[in-house]
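Using the numbering used here, the first residue of the sequence shown is number 1, and each one after it goes up by one.
The C-beta atom is built at its ideal place from N, Cα and C for all residues, glycine as well.
All figures in this text were calculated on a predicted structure; none of them were measured in a lab.
Step one of this worksheet: look at the structure below.
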Amino acid sequence: MSVVGIVPAGGSGERLGADRPKAFVVCAGRPLVDWSLEVLESVCDRVVVAAPAAYLRPGWVEAGPSRSASVRNALAAAPEATTAVVHDAARPLVKRDLVERCMAALEPGIEGAIAAARMTDTVKEAAADRRVLRTLDRSVLWAVQTPQVFRADVLQRALERDEMALAAATDDASLVEDLGGTVRVVEAPPENIKVTRTADLHMVEALLC
Ligand code: C5P
């Protein structure tokens, strides 16, 4: 069994308004990506990061035009993988325990195990004119995060889609679901947040220091 960590780190981070790609913005003293890298390296046999060309380090691969294309590029560089642990560079608060719990949830008959937090907000569906259509039952809703752990062969098949389909996917699990794969949620702490805006970066820095 070979466990390969895949870290998509190719986003431009436009919403962050920084002078460099989001994963390379300095956060609590080091590039954002290094926090996730350290955790994944402690549980995986090796880690492949997909980064913009100007930021490549040895063993890394160039990012693709979308997040899923970046995951595809990184997985292609790890043909020995039997298990793929995908984790966004933008979630630096991930803990080793969460990665291990996702890996453990990949039991026979399960193709993917994904970190997710229970919804605490009320969630409503609204029309284009913002008229509320309905209130969803939040007791069965989960806010999905990474890590997302998959059987590597299944993830590889799930990623064999055209660039448009890859760009439309907001996570890897949805591509595995499209194949008919069974995916299970693993309860994760809500503080495993994704850095999107400047306020997120400040919050993460406060929690890391
Ligand atoms: O933009 P967003 O925060 O949703 O991106 C999630 C993750 O996907 C980030 O870690 C980002 O660096 C990565 N990404 C990528 N390649 C892209 C776009 C995003 O690796 N083309």
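| Check | Outcome |
| --- | --- |
| Contact test: Asp153 Cβ vs the ligand C5P heavy atom, cutoff 8 Å | no |
| Within the segment 19-65, ranges of the alpha helix (DSSP H) (whole runs, at least 4 residues) | 32-43 |
| Where Arg96 falls: helix, strand or coil (DSSP) | helix |
| Helix, strand or coil at Arg184 [DSSP, three-state] | strand |
| Range of the contiguous alpha helix (DSSP H) that encloses Val204 | 198-208 |
| Run of the beta strand (DSSP E) containing Arg134, from where it starts to where it stops | 132-135 |
| Those residues which DSSP pairs with Arg151 across a bridge | Thr83 |
| Cβ-Cβ distance between Ile6 and Ala63 below 9 Å | no |
| Residues with C-beta closer than 6 Å to any heavy atom of the ligand C5P, in chain order | Pro8, Ala9, Gly10, Gly11, Lys22, Ala23, Ala50, Ala63, Gly64, Pro65, Ser66, Arg67, Ser70, Asp88, Ala89, Ala90, Lys194, Thr196 |
| Glu125 - DSSP class collapsed to helix/strand/coil | strand |
| Sequence-distant residues of the same chain with beta carbon closer than 7 Å to Ile110, five excluded per side | Thr182, Arg184 |
| Option in Met1, Ser2, Ala28, Asp19 with minimal Cα separation from Leu208 | Ala28 |
| Contact between the segment 168-181 and the segment 111-122 (3+ Cβ pairs under 8 Å) | yes |
| Proximity of Glu187 and Arg118 at Cβ, strictly below 9 Å | yes |
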